[in-house]
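> Residue numbers (my numbering): 4 to 145.
Glycine is no exception: its CB is placed at the ideal position from the N, C-alpha and C atoms.
Just dropping this structure here.
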Amino acid sequence: MEIGIVRNRLTRAIAGARERTQQRRERTVTAGRAYEQFLEVVATPLARQIASSLKAEGYSFTVFTPGGGLRLANDRGRDDFIEFALDAASEPAQVVCRVSHTHGSRTLSDERPVKPHTPPDALTEEDVLAFLLDALEPWIER
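In structure tokens, the structure reads:
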């Protein structure tokens with residue numbers, strides 16, 4: 004094969020890789036902004052309402068908002084929580100939750116999207132409420 008053809012194809016491959024990288028970075032930044040807005044407008048206020056309602060029912064939960072995240076934690080166990088995070092690697096980027104709870108001496112952990120294949124700016128309060136009610140079941144069934 005001629006060197007000119009090889010170099011031409013290599014140059015196109017490099018340019019294509021750079022373009023894809025730039026597009027991925029832009030999507031990640033956009034998803035990050037949408038996720039921050041989702042936390043501020045939808046998830047955090049709803050998590051606070053749920054924590055307040057749970058306390059009224061005798062279940063002690065606290066809402067924490069560490070940088071870029073949200074955690075609804077059971078006050079009785081340090082490994083009992085529901086934690087929101089952004090999965091920017093998926094297409095489209097989506098909000099995932101890690102649910103961790105202890106059962107005896109075992110800690111069970113599960114990570115799943117709030118609503119599969121749904122970007123943060125498309126999630127509604129109803130989506131988050133339905134997810135949280137399902138995720139809270141290990142604590143409220145006791």
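Quickly, what does DSSP pair Asn77 with across the bridge? List them, please.
Its beta-bridge partners are Phe64.
> Specify whether the segment 12-24 and the segment 56-76 touch according to this definition: at least 3 beta carbon pairs, one from each stretch, less than 8 Å apart.
Contact fails: fewer than three Cβ-Cβ distances are below 8 Å.
> Kindly identify the DSSP beta-bridge partner or partners of Glu86.
Partner(s): Arg74 and Arg101.
> Can you list, in chain order, the stretches of the alpha helix (DSSP H) that have 4 or more residues and sit fully within the segment 110-143?
As far as the segment 110-143 is concerned, its whole alpha helix (DSSP H) runs of at least 4 residues are 128-138 and 140-143.
> Would you call the CB atoms of Ala46 and Phe87 closer than 8 Å?
Going by C-beta atoms, Ala46 is nearer than 8 Å to Phe87.
> Could you give the residue range of the alpha helix (DSSP H) that holds Gly7?
From DSSP, the alpha helix (DSSP H) with Gly7 extends over Ile6 to Phe41.
> By how many angstroms is the C-alpha of Ala96 removed from the C-alpha of Phe67?
Near 23 Å, if we compare the C-alpha coordinates of Ala96 and Phe67.
> Straight-line CA distance for Arg36 to Lys118?
Whole-angstrom Cα-Cα distance: 18 Å.
> Which residue comes first and which comes last in the alpha helix (DSSP H) that contains Val91?
Here residue 91 is Ala; the residue named in the question, Val, does not match the sequence. Looking at the DSSP string, Ala91 is not in any alpha helix (DSSP H), and its letter there is neither H nor E.
> Do Val98 and Leu111 have their beta-carbon atoms positioned less than 8 Å apart in this structure?
Not closer than 8 Å, so no.
> The ligand MN heavy atoms versus the CB of Arg10: any closer than 7 Å?
This structure does not include the ligand MN; it has no bound ligands of any sort.
> Tell me, to the nearest whole angstrom, how far the beta carbon of Phe41 is from that of Asp124; I am working on the premise that it is less than 8 Å.
About 7 Å; that satisfies the 8 Å criterion.
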